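A.B. asks:
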Amino acid sequence: MDAFELLLNRSSFGKLEAPAPSKEQMELVYRAALRAPDHAGLRPWKFLVYQDEHALKKLGESFLEAKLKQNPELPEAKQQKALNMPFRAPMIIIAVTEYQEHKKVPEVEQVVSCGCAVHGMLYALQALGFSGYWRTGDLAFNPYLKQSLGIKPSDEIAGFLYIGTPKVRINKPDQANPEDYFFVQ
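The sequence shown begins at 9 in the working numbering and counts up one residue at a time.
1) Between K68 and the rest of its own chain, which residues show a CB-CB distance below 8 Å, the 5 nearest in sequence each way excluded?
2) Between V192, D46, I165, which lies nearest to I101 when the distance is taken from Cα to Cα?
3) Suppose contacts are defined by Cβ-Cβ distances below 9 Å. Is S121 in contact with A44 by that definition?
4) What residues match up with I102 in a beta bridge as DSSP calls it?
5) Report back the beta-carbon spacing between V104 and W142 to the nearest angstrom; my notes put them in contact at under 8 Å.
6) What whole-angstrom Cβ distance do K77 and Y152 have, given they're in contact under 8 Å?
7) Name, in chain order, the residues that DSSP records as bridge partners for R143.
8) Going by DSSP in three states, P174 sits in which element: helix, strand or coil?
9) Helix, strand or coil: which one does DSSP assign to E13?
10) Mind checking whether A132 and V37 have CB atoms under 9 Å apart?
11) Can you check whether the CB of Q183 is closer than 9 Å to the CB of L14?
12) When DSSP builds the beta bridges, which residues end up paired with E61?
13) In chain order, what residues of the same chain have a beta carbon less than 7 Å from the beta carbon of G128, not counting five sequence neighbours either side?
14) Nearest by alpha-carbon distance to L169: which of A11, H62, D188, G145 is it?
15) List the residues that DSSP assigns as beta-bridge partners of L24.
16) Assign A97 to buried or exposed, taking buried as 16 or more other Cβ atoms, counted over all protein chains shown, within 10 Å of its Cβ.
17) Considering just the uninterrupted stretch of the alpha helix (DSSP H) at Y131, what are its terminal residues?
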């Protein structure tokens, strides 16, 4: 697949199944992420990878525990949903922005750098024939989940990247018109 074909045709697939990429394929995905623009070479990110049934089950338990700490009256249906969320895909990567004090690199730039690393992963996955779906939701902002996962209170979950093989190929989304977003001065 040529680079422009990849760039112009990437799309997300919400329904993912096994197989997930192999260890060797994920090594390429990780390397693509680490090529993200990164002012001052801070690498203000870390990625928590959950890729087997045991790890996904533990993550679901962490999701449920965090939701119950915020709302002890959480209905049973929502409790089950929290437990099952990690099983939407055979692999999940939690992207975390790890802020670093730097006089020339503000926090916003560090958030964008982490986002660029995720962007690189999404394109690498697509190039390998897989897909990723970037989700956030309320758990990304849940302090109990951050604590459970060993994420510092000052750092942020940038998103949950669900990874696998698309169940159903859909048509690519309509292309946006560049004239609506780019204004030559």
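Glycine residues also receive a C-beta, built at the ideal position from the N, C-alpha and C atoms.
From a predicted model like this one, the values you see are computed outputs, not experimental measurements.
C.D. replies: With the structure as the only source:
1) Correcting the residue identity first, residue 68 is Gly in this sequence and not Lys. Result list for G68: A90, L91, N92, M93, P94, F95, in chain order.
2) The candidate whose alpha carbon is nearest that of I101 is I165.
3) yes
4) L56, F168
5) In fact, because the Cβ distance is near 14 Å, the residues do not count as touching under 8 Å.
6) Their Cβ separation, rounded to whole angstroms, is 4 Å, which keeps K77 and Y152 in contact under 8 Å.
7) F168
8) Here P174 carries a strand assignment [DSSP, helix/strand/coil].
9) helix
10) Yes, these two residues count as a Cβ contact at 9 Å.
11) no
12) Within the DSSP secondary-structure output, E61 pairs in no beta bridge.
13) A40, A41, R43, A44
14) G145
15) Per DSSP, the beta bridge partners of L24 are P174.
16) buried
17) 115-135
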